[in-house]
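Novice:
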Amino acid sequence: MGWRLQDVTEYADLLAAAEGDDFVRWALDPRQSVRGWAFEGGVAFLRAGPRRTSITLVSTPGVAAAALPALVEQAPDADWATLPHGTLALGVADVVDASVGDDWDWMQATRPPAPHPRADEVTDLGHAHGAEVTALLAVANPRASAAAGSPHTLTWHGVLGDDGELLACGAHTESVPGVPHLASIATRPDVRGRGYGEAVTSSLTRAALLGGRPVVTLGMYADNAVARRLYERLGFGGVHRWSSRRLRRPAPTPSP
Numbered sequence: 003m004g005w006r007l008q009d010v011t012e013y014a015d016l017l018a019a020a021e022g023d024d025f026v027r028w029a030l031d032p033r034q035s036v037r038g039w040a041f042e043g044g045v046a047f048l049r050a051g052p053r054r055t056s057i058t059l060v061s062t063p064g065v066a067a068a069a070l071p072a073l074v075e076q077a078p079d080a081d082w083a084t085l086p087h088g089t090l091a092l093g094v095a096d097v098v099d100a101s102v103g104d105d106w107d108w109m110q111a112t113r114p115p116a117p118h119p120r121a122d123e124v125t126d127l128g129h130a131h132g133a134e135v136t137a138l139l140a141v142a143n144p145r146a147s148a149a150a151g152s153p154h155t156l157t158w159h160g161v162l163g164d165d166g167e168l169l170a171c172g173a174h175t176e177s178v179p180g181v182p183h184l185a186s187i188a189t190r191p192d193v194r195g196r197g198y199g200e201a202v203t204s205s206l207t208r209a210a211l212l213g214g215r216p217v218v219t220l221g222m223y224a225d226n227a228v229a230r231r232l233y234e235r236l237g238f239g240g241v242h243r244w245s246s247r248r249l250r251r252p253a254p255t256p257s258p
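What follows is the structure in structure tokens.
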């Protein structure tokens with residue numbers, strides 16, 4: 003089947019084609035033009051980051067698998083694809099490298115959780131304690147997406163021990179201005195199970211929503227069942243399940 007792709011350059015048009023999908027709504031900046039496509043059964047769009055340019059398909063796995071080759075042709079600068087979970091089992095091995103990448107879930111919250119029992123132990127760190135954040139993430143969350151000093155990080159919240167050491171942390175990031183995205187939530191391994199990570203997540207979420215933000219989003223690796231239960235307790239839902247993988251691209255032809 004040949005895929006008829008309709009170019010979309012306006013945020014509002016892409017959101018309408020996606021039937022108001024929340025991931026599309028919050029992942030893109032409505033003030034910026036988009037590079038996207040609408041097709042029967044879904045939409046796709048490009049997002050450029052500091053390390054990769056990814057094409058994201060919002061559809062069913064079956065539609066994504068069928069439309070992916072045509073979309074990749076339209077986006078020669080894309081080096082990654084973010085696909086609905088389940089797409090990788092549908093014959094896309096010639097387009098994506100299933101061995102390079104991760105499965106992850108996107109979640110959102112629109113209501114502030116109740117104050118956490120450990121709320122008084124959480125501190126808004128701002129951008130202080132950068133070295134401690136780096137050290138904690140190295141041992142507690144080496145796959146973290148935000149690092150100390152990341153350009154889109156507005157602030158860090160954390161729990162400091164009696165000796166001043168950082169026990170847990172989390173970041174409020176905004177790649178889309180006005181849309182908080184929590185990242186790099188981590189608890190030191192020797193103090194896990196005491197509610198510190200949940201307290202930090204609750205603190206970040208409450209601060210954003212009570213401060214007037216319409217939503218708080220986050221992404222989590224799909225294999226982290228403990229984190230999933232934590233986020234669900236705090237009211238996160240609206241799950242989108244994703245598989246992000248590197249695209250297979252032909253090697254460039256050497257110049258004569």
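Residue numbers (this note's numbering): 3 to 258.
Where is the CB? At the ideal position from N, CA and C, for every residue including glycine.
Confirm, please, whether the CB-CB distance from MET109 to LEU220 is below 8 Å.
Specialist: Here residue 220 refers to the residue found at position 218 when the sequence shown is read from its first residue. Here residue 109 refers to the residue found at position 107 when the sequence shown is read from its first residue. In contact: LEU220 and MET109 (Cβ atoms closer than 8 Å).
Novice: Considering only the beta carbon of each residue, do HIS118 and ALA201 sit closer than 8 Å?
Specialist: Position 116 of the sequence shown, counted from the start, is the residue given in the question as residue 118. Position 199 of the sequence shown, counted from the start, is the residue given in the question as residue 201. Yes, Cβ-Cβ distance for HIS118 and ALA201 is below 8 Å.
Novice: When the distance is taken between beta carbons, is HIS174 closer than 8 Å to LEU206?
Specialist: Walking along the sequence shown from the start, residue 206 turns up at place 204. Walking along the sequence shown from the start, residue 174 turns up at place 172. Result yes, Cβ atoms of LEU206 and HIS174 sit closer than 8 Å.
Novice: Compare the Cα-Cα distances from ARG196 to each of LEU138, ARG120, TRP5, ALA140 and report the closest residue.
Specialist: For the purposes of this step, residue 196 is taken as the residue at position 194 of the sequence shown. Here the closest residue by C-alpha is ARG120.
Novice: Could you check which residue in SER204, ARG215, GLY163 has the C-alpha nearest to that of ASP192?
Specialist: Counting from one through the sequence shown, the residue named residue 192 turns up at place 190. It is GLY163.
Novice: What did DSSP end up calling PHE41 once you bin it into helix, strand or coil?
Specialist: Counting from 1 along the sequence shown, the entry for residue 41 is found at position 39. Correct three-state label for PHE41: strand.
Novice: Run through the DSSP bridge pairs and tell me what GLY8 is partnered with.
Specialist: Within the sequence shown, the letter at position 6 stands for residue 8. Per the sequence shown, the amino acid found at residue 8 is Gln instead of Gly. In the DSSP secondary-structure assignment, GLN8 is bridged to ALA40.
Novice: Could you check the C-alpha separation between PHE47 and GLY239 for me, to the nearest Å?
Specialist: Position 45 of the sequence shown holds residue 47. Position 237 of the sequence shown holds residue 239. If I take the Cα positions, the gap works out to 23 Å.
Novice: For ASP105 versus ALA224, is the C-beta distance shorter than 8 Å?
Specialist: Along the sequence shown, one-based indexing puts residue 105 at 103. Along the sequence shown, one-based indexing puts residue 224 at 222. Cβ distance < 8 Å, so ASP105 and ALA224 count as in contact.
Novice: ILE57 bridges to which residues according to DSSP?
Specialist: As a working mapping, residue 57 is identified with position 55 in the sequence shown. Answer by DSSP bridge pairing, in chain order: LEU48, ALA83.
Novice: Is the distance from the Cβ of ALA67 to the Cβ of GLY93 below 8 Å?
Specialist: For the purposes of this step, residue 67 is taken as residue 65 along the sequence shown, with counting starting at 1. For the purposes of this step, residue 93 is taken as residue 91 along the sequence shown, with counting starting at 1. Contact: yes.
Novice: Shorter than 8 Å from the beta carbon of ALA201 to some beta carbon of chain B?
Specialist: The question asks about chain B, but that chain is absent: this structure has only one protein chain.
Novice: So what does DSSP say about GLN110, is it helix, strand or coil?
Specialist: Indexing the sequence shown from 1 puts residue 110 at position 108. In the structure shown, GLN110 sits in a strand (DSSP, three-state: E or B).
Novice: If you measure between the beta carbons of LEU139 and SER177, is that distance less than 8 Å?
Specialist: Along the sequence shown, one-based indexing puts residue 139 at 137. Along the sequence shown, one-based indexing puts residue 177 at 175. No, Cβ-Cβ distance for LEU139 and SER177 is not below 8 Å.
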